[in-house]
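Working notes for the structure below.
2 protein chains.
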Amino acid sequence: METLDGIINHKPQVERNTILFRSGAALQGLYAVRSGSFKTYRSTSDGAEQITGFYFPGELLGLDGFGDNIHRCTAQALESSSVCALTMQDFEKLCCKISGLRHQLMHLIGTEINQDHETLLTLGQMKGEERLAAFLNNLSLRLEQRGFSANEFNLSMPRHDLANYLGLAVETLSRMFSRMQDEGVLTANRRNIHILDWDKLRTLAHQDQGCSNNY
Amino acid sequence: METLDGIINHKPQVERNTILFRSGAALQGLYAVRSGSFKTYRSTSDGAEQITGFYFPGELLGLDGFGDNIHRCTAQALESSSVCALTMQDFEKLCCKISGLRHQLMHLIGTEINQDHETLLTLGQMKGEERLAAFLNNLSLRLEQRGFSANEFNLSMPRHDLANYLGLAVETLSRMFSRMQDEGVLTANRRNIHILDWDKLRTLAHQDQGCSNNY
DNA sequence: CGTATCTTTGATTTACTTCAAAACTTGTGG
DNA sequence: CCACAAGTTTTGAAGTAAATCAAAGATACG
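Chains C and S supply the protein sequences, listed in that same order. The first sequence lines up with residues 1 to 215 when you count with the numbering used here. The second sequence lines up with residues 216 to 430 when you count with the numbering used here.
Here's what the structure looks like:
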């Protein structure tokens, strides 16, 4: 990713709510998040929306356009952010010439797919409180990998977006936060989250003992 | 995909229930489905499972291993099937040398991601009956693209698997089939499905007028 | 300071799960 | 070929988690 950052010159700053690409638009290229955060969402014909992912520094936006060179989701900044813009021409060249970069891109593709599958598991199998626990566990891990604190962080998305992502009503999500606070798992002041009891959180998220993915 | 089929020699036949790769196993390569069908699933530490996808001829299995070269889901044959096995060495070579094949692989990657996002939308936004309608609509489309009948087909998966994929209890799924039969949308005799009323089905699936993905 | 947005809390309704059991299908050995 | 066991699918009744409806606090913002 640092390599990519060195090669590519086009690194636009984007304001909160800026749309990087829209569903239905032709694929121009990919975007690596440098700072800030983004959400992607899909819509149905009757206006319902589903947030399909949140993206943090080092993660790649735009792979949904690989299907038929048309984006199937919309990518929007959750806060002031910056990205590294990679045209498809760049992508093609770099992908063939630099094997390290190719592997890095393959890694990011796999990570995207695994993240989506993890969310499918969350939506398909878990109750509300478990979904929130799984999300916070996953988010904390990703933030920690990026050098942020794992125990204390600020959510960059409003409750509305988080509830949508977790397939819950905003009111239900709020109740889950309250319940987890009562249980002493965390404190939540609006966007500010402190994780107090990792054991309880991991148990709720069914990630205890870390053997969830080992065969 | 025909190109791939011509280049690669290793095309094993697999029996029903055969496991192509397991969660936790090192990534050996990718598998293109030639005939039959597969499911992939993930497990939590406490034994809950979530089916993350069904795969039909022309679709690619194994991309989940790109993340860190370890599979995060298990792939299992739903019926007697055959695949085209592609080692990672083959993949690397072909990917760089044949641009058409590279584009085809990128297309399949994008398709996988879009399929996952569509399922996220289904699980996150829809009620039981709508989920089933969305699934049948999607399945019918995929089967039609492969030369099968869009109106009449046999499900290769048991109710149990379909219910799991759709995030429902088996009993609920069964009731949804019954209700749709009563409504005259389809007839369902165990695995055999006849779609009778496409308008109703698409309306239920929120795919009416086909503008679900535009802008 | 007042308006719009975001978040929380309470009461009611609803869709789905769970538990229980019957009907049907398939395969196996007598 | 039939009997029987194992698996699959359907149906019914009761319980529950979450959605919806309604409204009040809290925070940011012009």
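Heads up, the beta-carbon is just placed ideally off N, CA and C, and yes, glycines get one too.
- Around the beta-carbon of S/SER250, fewer than 16 other beta-carbon atoms lie within 10 Å, marking it exposed.
- For the segment 268-291 of chain S, the residues whose beta carbon sits under 9 angstroms from a beta carbon of chain C are, in order, GLY268, LEU278, ASP279, GLY280, PHE281, GLY282, ASP283, ASN284, ILE285, HIS286, ARG287, CYS288 and THR289.
- Under the Cβ criterion of 8 angstroms, S/CYS311 is counted among the residues facing chain C.
- CA-CA distance, C/SER140 to S/ALA263, rounds to 23 angstroms.
- Counting along the chain, the unbroken beta strand (DSSP E) around C/ASN189 starts and ends at 186-189.
- Look at the beta carbons and you see the segment 367-379 of chain S not touching the segment 325-333 of chain S: under three pairs across the two are nearer than 8 angstroms.
- Of all residues in the segment 346-371 of chain S, none places a beta-carbon less than 7 angstroms from a beta-carbon of chain C.
- Membership of S/ILE328 in the alpha helix (DSSP H) is indicated by the continuous run 314-340.
- Here the segment 14-24 of chain C makes contact with the segment 59-75 of chain C; the two share three or more CB pairs at distances below 8 angstroms.
- Taking a cut-off of 8 angstroms for Cβ pairs, the segment 86-94 of chain C and the segment 23-34 of chain C touch, as three or more such pairs fall below it.
- Interface criterion met: the Cβ of S/THR334 is under 8 angstroms from a Cβ in chain C.
- Checking the DSSP bridge columns, you'll see S/PHE236 partnered with S/ALA290.
- Going by C-alpha positions, S/ASN366 is about 28 angstroms away from S/VAL229.
- C/ARG42 has C/GLN50 as its beta-bridge partners, per DSSP.
- One Cα belongs to S/GLY277, the other to S/LYS254, and the distance between them is close to 11 angstroms.
- Rounded to whole angstroms, C/GLU129 and C/GLU171 show a C-alpha spacing of 13 angstroms.
- Here the alpha carbon of S/ALA348 sits roughly 41 angstroms from the alpha carbon of C/THR187.
- Annotated three-state conformation of S/GLU274 is coil, per DSSP.
- Taken in chain order, the complete beta strand (DSSP E) segments of 3 or more residues contained in the segment 343-429 of chain S are 367-369, 401-404 and 407-410.
- Beta-bridge analysis with DSSP links S/SER296 to S/VAL229.
- In the DSSP assignment, C/GLY29 falls within the beta strand (DSSP E) that extends over 29-35.
- With distances taken between CA atoms, S/TYR380 lies nearest to C/GLN125 out of C/ARG191, C/GLN125, C/ILE193 and C/ILE195.
- With respect to the C-alpha of C/LEU60, the residue from C/LYS200, C/LEU4 and C/ILE193 having the closest C-alpha is C/LEU4.
- Neighbours of S/MET321 across chain C, judged by C-beta separation under 8 angstroms: PHE66.
- Residues of chain C with a Cβ closer than 9 angstroms to the Cβ of S/ILE234 do not exist; the shortest Cβ-Cβ separation is about 10 angstroms.
- Distance between S/ILE408 and S/GLY399, taken at the CA atoms: about 12 angstroms.
- Interface flag for C/GLN89 against chain S is unset, since no Cβ pair is found closer than 8 angstroms.
- Contact between C/HIS206 and C/ALA85 is absent: CB atoms are separated by about 38 angstroms, not below the 8 angstroms threshold.
- In the displayed model, C/ILE70 falls within a strand according to three-state DSSP.
- A check of alpha carbon separations from S/ILE410 across S/MET321, S/ILE285, S/PHE269 and S/SER364 identifies S/SER364 as the nearest.
- Contact of C/GLN28 with chain S is not assigned, every C-beta pair being separated by 8 angstroms or more.
- Rounded to the nearest whole angstrom, the C-alpha separation of C/ASN189 and S/THR259 is 30 angstroms.
- S/LEU323 is not a Cβ neighbour of S/CYS310, given a cutoff of 8 angstroms.
- Per the coordinates, the alpha-carbon of S/SER314 lies some 29 angstroms from the alpha-carbon of S/ASN353.
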